[in-house]
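Residue numbering for the sequence shown is 1 to 213, as defined by the numbering used here.
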Amino acid sequence: MARRTKEEALETRNKLLDSAEGLFQSQGVTRTTLQDIALHAGVTRGAVYWHFKDKADLFDAMMERVTLPLESYFSHEQSLEETSIDSGTQALAHTRSAILKALHQIVNDPQTRSVLEIASQKVEYVEGIRNVRLRHLTACNGFLCRVTQGLDTASRQKNLKLPVPSALAARGLHALIDGLIQNWLLDPQAFDLSEAGQSTMDIYFKGLGFSIE
Numbered sequence: 001m002a003r004r005t006k007e008e009a010l011e012t013r014n015k016l017l018d019s020a021e022g023l024f025q026s027q028g029v030t031r032t033t034l035q036d037i038a039l040h041a042g043v044t045r046g047a048v049y050w051h052f053k054d055k056a057d058l059f060d061a062m063m064e065r066v067t068l069p070l071e072s073y074f075s076h077e078q079s080l081e082e083t084s085i086d087s088g089t090q091a092l093a094h095t096r097s098a099i100l101k102a103l104h105q106i107v108n109d110p111q112t113r114s115v116l117e118i119a120s121q122k123v124e125y126v127e128g129i130r131n132v133r134l135r136h137l138t139a140c141n142g143f144l145c146r147v148t149q150g151l152d153t154a155s156r157q158k159n160l161k162l163p164v165p166s167a168l169a170a171r172g173l174h175a176l177i178d179g180l181i182q183n184w185l186l187d188p189q190a191f192d193l194s195e196a197g198q199s200t201m202d203i204y205f206k207g208l209g210f211s212i213e
């Protein structure tokens with residue numbers, strides 16, 4: 001009985017997250033109330049508060065469903081880098097591979113695309129959901145930190161002096177990739193995100209002095 005109750009609770013939680021995702025997509029985050037989400041999911045408002053303390057908490061949980069897979073690519077590549085005998089040689093390749101895998105997921109996973117559209121186009125950073133902005137900044141800073149470390153490792157191994165500080169180079173790469181993603185989300189038919197990401201990223205790395213094989 002306890003197992004069944006736990007499974008039912010998980011089912012209700014996922015139903016709420018699915019309903020929130022659909023409503024956020026159709027009418028925006030700010031205009032969607034917890035009551036709207038409860039009605040759409042076919043549960044009481046009390047059930048919403050059983051699983052989430054407020055709308056920001058619910059939004060964060062929705063983001064977790066796709067943000068963690070994207071972040072896990074970097075965690076996996078970083079673990080490979082740390083255990084590699086010749087980590088310097090692999091550092092740039094690991095960074096490049098992680099970014100390309102993330103772009104591939106955005107293109108091929110409808111849920112990832114939907115949630116990213118909500119986070120970038122359907123949300124206002126108002127008081128009630130201030131954690132959304134903090135989460136975005138945390139993800140951005142994590143990306144910058146990992147890419148900076150990758151550039152530092154690769155440049156040391158190749159005895160290469162970067163034309164700009166590694167932190168600034170990482171921020172430029174983030175602006176490039178994030179800009180491509182935002183433009184693609186606005187019009188997915190305009191260009192191939194994976195192909196554009198690979199081509200422009202390779203050009204960027206070559207501009208920093210790295211040879212891309």
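By construction, the Cβ of each residue, glycine as well, lies at the ideal position given by its N, Cα and C atoms.
Measure the CB-CB distance between residue i and residue j and report whether it falls below 7 Å.
| i | j | result |
| --- | --- | --- |
| LEU92 | PHE191 | no |
| VAL107 | LEU193 | yes |
| ALA41 | SER19 | yes |
| GLN198 | LEU116 | no |
| LEU208 | ALA169 | yes |
| MET62 | LEU134 | no |
| PHE24 | THR32 | yes |
Using C-beta distances below 8 Å, list every residue in its chain close to residue i, excluding the 5 sequence neighbours before and after it, in chain order.
| i | result |
| --- | --- |
| TYR204 | GLY172, LEU173, LEU176 |
| ILE37 | LEU16, SER19, ALA20, LEU23, VAL48, LEU58 |
| LEU162 | LEU151, SER155, ALA169, LEU208, GLY209 |
Which one of the options has the shortest CA to CA distance from residue i?
| i | options | result |
| --- | --- | --- |
| GLY28 | ILE118, PRO165, ALA196 | ILE118 |
| THR95 | GLU21, LYS15, GLY207, CYS145 | CYS145 |
| LEU160 | LYS206, PRO188, LEU186, GLN105 | LYS206 |
| LEU103 | THR200, GLU64, HIS51 | THR200 |
| SER22 | ASP187, LYS158, THR112, LYS6 | Checking the displayed sequence, the identity of residue 22 turns out to be Gly instead of Ser. Nearest of ASP187, LYS158, THR112, LYS6 to GLY22, Cα basis: THR112. |
| GLN90 | GLN149, ALA196, THR5 | GLN149 |
| HIS51 | GLU64, PHE59, ARG13 | ARG13 |
| SER120 | ASN183, ASP54, ALA98 | ASN183 |
| HIS136 | LEU186, PHE24, GLU64 | GLU64 |
| ASP109 | LEU185, ALA196, LYS6 | LEU185 |
| ALA98 | ILE212, LYS158, VAL147 | VAL147 |
| SER114 | ILE181, GLU195, ASP57 | ILE181 |
| ILE214 | GLN189, LYS158, PRO165 | Because the chain spans 1 through 213 in this model, residue 214 falls outside it and cannot be assessed. |
Less than 6 Å between C-beta atoms, sequence neighbours within five positions excluded: which residues of the same chain meet that for residue i?
| i | result |
| --- | --- |
| GLN35 | ARG45 |
| GLU8 | none |
| LEU39 | none |
| ASP202 | ILE212 |
| GLN105 | THR112 |
For residue i, which residues in the same chain have their Cβ closer than 7 Å to its Cβ, ignoring the five residues on either side in sequence?
| i | result |
| --- | --- |
| LEU10 | none |
| THR5 | none |
| ALA263 | Residue 263 is absent from the model: the chain starts at 1 and stops at 213. |
| GLN189 | none |
Would you call the segment 139-146 and the segment 46-59 in contact, with 3 or more CB pairs under 8 Å?
-> no
If we count Cβ pairs, one from each stretch, closer than 8 Å, do we get three or more for the segment 153-162 versus the segment 177-191?
-> no
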